[in-house]
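Here is the structure we will look at.
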Amino acid sequence: MPKKAYVRAHTNIALIKYWGKRDETDFLPMNSSLSMTLDKLYTDTMVVFDEALPKDSFYLNGEKQGEKETQKISNFLDLFREEKNTAMRARVESINHVPTAAGLASSASAFAALAGAANLALGLDLDPQRLSTFARRGSGSATRSIYGGFVEWDMGTCSDDSFAVPVDDAGWDIGIVIVAVNQKAKEVSSRIGMKRTVETSPFYPAWVESAKRDILDIKAAIAAKDFIRLGEITEANGMKMHGTMLGAEPPFSYWEPDSIVAIKTAQALRKQGIACYVTMDAGPNVKVLCRLSQAETIKEALLEHFTEDKLIITKPGKGIRELTAAE
Ligand code: PMV
Numbered sequence: 000m001p002k003k004a005y006v007r008a009h010t011n012i013a014l015i016k017y018w019g020k021r022d023e024t025d026f027l028p029m030n031s032s033l034s035m036t037l038d039k040l041y042t043d044t045m046v047v048f049d050e051a052l053p054k055d056s057f058y059l060n061g062e063k064q065g066e067k068e069t070q071k072i073s074n075f076l077d078l079f080r081e082e083k084n085t086a087m088r089a090r091v092e093s094i095n096h097v098p099t100a101a102g103l104a105s106s107a108s109a110f111a112a113l114a115g116a117a118n119l120a121l122g123l124d125l126d127p128q129r130l131s132t133f134a135r136r137g138s139g140s141a142t143r144s145i146y147g148g149f150v151e152w153d154m155g156t157c158s159d160d161s162f163a164v165p166v167d168d169a170g171w172d173i174g175i176v177i178v179a180v181n182q183k184a185k186e187v188s189s190r191i192g193m194k195r196t197v198e199t200s201p202f203y204p205a206w207v208e209s210a211k212r213d214i215l216d217i218k219a220a221i222a223a224k225d226f227i228r229l230g231e232i233t234e235a236n237g238m239k240m241h242g243t244m245l246g247a248e249p250p251f252s253y254w255e256p257d258s259i260v261a262i263k264t265a266q267a268l269r270k271q272g273i274a275c276y277v278t279m280d281a282g283p284n285v286k287v288l289c290r291l292s293q294a295e296t297i298k299e300a301l302l303e304h305f306t307e308d309k310l311i312i313t314k315p316g317k318g319i320r321e322l323t324a325a326e
């Protein structure tokens with residue numbers, strides 16, 4: 000009998016970034032990170048394990064994927080096959096639900112959804128925390144997408160305790176305006192970028208030290224529901240991460256001219272009394288952290304520089320969940 004499951008996972012945006020691995024094989028990070036799961040951007044993944052399948056196959060948005068992409072999925076599924084002690088191959092079908100023209104497809108939602116579906120399909124019954132240690136080995140940021148709201152990825156001491164911890168459901172007046180600057184493929188992948196930074200940037204040790212303090216401070220801000228403090232720590236932490244890349248050899252940056260336009264717009268709004276803070280990941284897109292009740296006002300200001308299809312407002316999202324076939 001084929002074993003099948005269908006799961007949705009949302010992407011997340013790190014407020015305290017994960018940047019650098021201490022173990023490349025097991026995806027163990029150099030520092031703990033903390034994110035907010037996002038409602039609008041998610042991946043739905045169906046997995047069918049079947050004795051009759053000769054090999055794994057992977058379809059993304061209806062298109063059969065090539066050898067390289069499929070191999071990555073196969074390697075990831077091996078973790079689950081090992082746990083279950085089975086050799087069954089699988090067919091994986093994923094749909095990325097990302098607003099058009101955004102170029103925001105994320106490995107976080109992809110691997111969290113696949114982890115959730117493989118767990119259910121094989122009847123492994125891994126609890127969410129343990130499941131996050133599996134998601135981690137697909138993509139570090141996927142660790143945090145198992146849960147909703149604010150989520151910490153505790154760096155841990157080994158593979159078993161480097162997992163996600165839910166911090167707060169983020170059920171307050173908080174949101175993100177995403178500025179999708181462009182959709183070009185990155186010149187430096189996050190994997191390569193991290194490695195180069197860890198190995199060559201003299202700023203890197205300072206990053207690790209200050210990230211330790213930032214994670215404590217942001218958890219205190221979340222506990223106090225102090226939005227301003229949360230935003231200040233978020234913006235400063237993201238800037239520090241991008242600073243480490245300028246110190247790498249050879250130096251690199253993910254910023255583009257339009258990233259700066261978005262940052263300046265947010266900073267100008269702040270001068271007018273609208274609390275909003277920027278953060279960026281391994282790409283040129285800018286995420287503006289704000290009060291959800293002020294997101295439309297911020298979008299209005301950004302519309303002076305960006306077209307409507309590049310601006311996405313989202314509230315905090317939930318953790319992974321099983322879908323019915325009809326969804
Ligand atoms: O795990 P990856 O390859 O998605 O790397 C994530 C790196 C950042 O997005 C820059 C930071 C983060 O914590 O998500």
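Residue numbers (numbering that gives the first Met the number 0): 0 to 326.
Glycine included, C-beta positions come from ideal geometry on N, C-alpha and C.
Remember, predicted model here, so these are calculated numbers, not experimental data.
Taking 7 Å as the cut-off, the C-beta of A281 counts as close to a heavy atom of the ligand PMV.
Under the three-state reduction of DSSP, S188 is assigned to coil, being neither helix nor strand. Beyond the five residues adjoining it in sequence on each side, A265 comes within less than 6 Å, by CB distance, of C275, V277, V287 in the same chain, given in chain order.
For I297, the closest C-alpha among the options R269, L27, R228, P283 is that of R269. In the structure shown, Y17 adopts coil according to DSSP, grouped into three states. Annotation: W206 is outside any beta strand (DSSP E); the continuous alpha helix (DSSP H) that includes it extends over 203 to 222. From the listed residues T85, N84, M87, S106, the smallest Cα separation to I94 is found for S106. In this structure L40 touches T313 by the C-beta definition: roughly 7 Å separates them, less than 8 Å. Spatial neighbours of K239 in its own chain (CB-CB distance under 7 Å, excluding positions within 5 residues in sequence) are listed in chain order as W206, S209.
No residue range can be given for D225, since it is assigned to no beta strand (DSSP E) and is classified by DSSP as neither H nor E.
The beta carbons of Y5 and A324 sit about 6 Å from each other, so the pair counts as a contact at 8 Å. Assignment of V285 by DSSP, reduced to helix, strand and coil, places it in the strand class. In the structure shown, R290 falls within a coil segment according to DSSP collapsed to helix, strand and coil. Where T142 is concerned, there is no enclosing alpha helix (DSSP H), because DSSP gives it neither an H nor an E.
For N118, the enclosing alpha helix (DSSP H) covers residues 106 to 120. Straight through space, the alpha carbons of V46 and N74 are spaced by roughly 15 Å. The beta carbon of Y17 sits closer than 6 Å to the beta carbons of P28, S32, G139 from its chain, once the five residues preceding and following it are set aside; these are given in chain order.
Remark: C-beta atoms of I217 and L59 do not approach each other more closely than 8 Å. Rounded to the nearest angstrom, the gap between the Cα atoms of E186 and T196 is 15 Å. Close CB contacts of I191 within its chain, under the 6 Å cut and outside five residues either way in sequence, are absent.
Taking C-beta atoms as the reference points, G115 and A8 count as a pair closer than 8 Å.
Taking the Cα of M154 as reference, the smallest distance to any Cα among G148, R143, A86 is reached at R143. Distances from the alpha-carbon of M0 to those of G316, D22, L121, R21 put L121 closest.
Comparing alpha-carbon positions, the option among R129, I145, E66 lying closest to F57 turns out to be E66. One alpha carbon belongs to E231, the other to P165, and they sit about 21 Å apart. The nearest non-hydrogen atom of the ligand PMV is less than 7 Å from the C-beta of R190. According to DSSP, residue pairing for D22 in a beta bridge involves L27. In the assembly as shown, P249 is an exposed residue. Its beta-carbon has fewer than 16 other beta-carbons within 10 Å. At least one heavy atom of the ligand PMV lies closer than 7 Å to the C-beta of W18. Closest option to E23, judged by alpha-carbon separation, among S189, L322, A222, A163: S189. A check of alpha carbon separations from W254 across W152, N181, H304, D25 identifies N181 as the nearest. Around the CB of G170, fewer than 16 other CB atoms lie within 10 Å, so the residue is classed as exposed. Burial check for L130: the Cβ neighbour count within 10 Å reaches 16 or more, so the residue is buried. Around the beta carbon of R135, a 10 Å sphere encloses 16 or more other beta carbons of the protein chains shown; the residue is thus reported as buried.
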